[in-house]
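Residue numbers (the UniProt record's numbering): 1 to 168.
Glycine included, each C-beta is placed from N, C-alpha and C at the ideal position.
Data block below; observations after.
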């Protein structure tokens, strides 16, 4: 069913707005995925701060034209599912990577982060980015190890000092 001009303008405006607030964008082909699996994917996307949009390629091109996501234009071939990560740059990539493991019909076409086109084969570049909480935990463990190492060196220095005092 053809869309009226006003409907097309509204879709372009919605996708443009989503693109403005996105930290990264992932493009996928969901051809062959069942409706129930797509419903589950949409639910997981909402829980992870990812906005999903199924958009006609011409409307997607028009919506992303002149934005940092313009590098994705060549991937708009066939059915297109756009995922905009709003909370964490790796959220959509992580979500799509996990979903592709369970559904062989689902194919990631391309990704973009800060205006750079990333081939689908390199999805791990974004999918493995730690979340804020994970990054804080990693930092804390490094700091904990560093302080524990300093304590061990201090105790060793005290031991050596006592041994030198006893030997003298």
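Exercise for review: With DSSP collapsed to three states, give me the class of residue 164.
Suggested key: Three-state result, residue 164: helix.
**Study point:** Backbone CA spacing between residue 21 and residue 86 [nearest angstrom]
**Key:** When rounded, the distance between both Cα atoms is 6 Å.
Review point. How many whole angstroms separate the CB atoms of residue 27 and residue 80, which I take to be in contact at a CB cut-off of 8 Å?
Key: 6 Å between Cβ atoms; contact.
Point to revise | Inter-stretch contact (C-beta, 8 Å, three-pair minimum) for the segment 106-114 and the segment 44-60 | key: At 8 Å Cβ cutoff, the stretches do not touch.
Review point. In terms of DSSP beta bridges, what is residue 11 paired with?
Key: Note: residue 11 sits in no beta bridge, so no partner.
Review point. Cβ atoms of residue 148 and residue 82: under 9 Å apart, would you say?
Key: No, they are not a contact pair.
Check your understanding: For residue 123, which of 45, 29, 146, 111 has the nearest alpha-carbon?
Key -> For the residues 45, 29, 146, 111, the minimum Cα distance to residue 123 belongs to 111.
Review point. For residue 136, does the count of other Cβ atoms within 10 angstroms reach 16, so buried, or fall short, so exposed?
Key: An exposed status is given to residue 136, since fewer than 16 other beta-carbon atoms sit within 10 Å of its beta-carbon.
Check your understanding: Around the Cβ of residue 78, are there at least 16 other Cβ atoms within 10 angstroms (buried) or fewer (exposed)?
Key -> Burial check for residue 78: the Cβ neighbour count within 10 Å stays below 16, so the residue is exposed.
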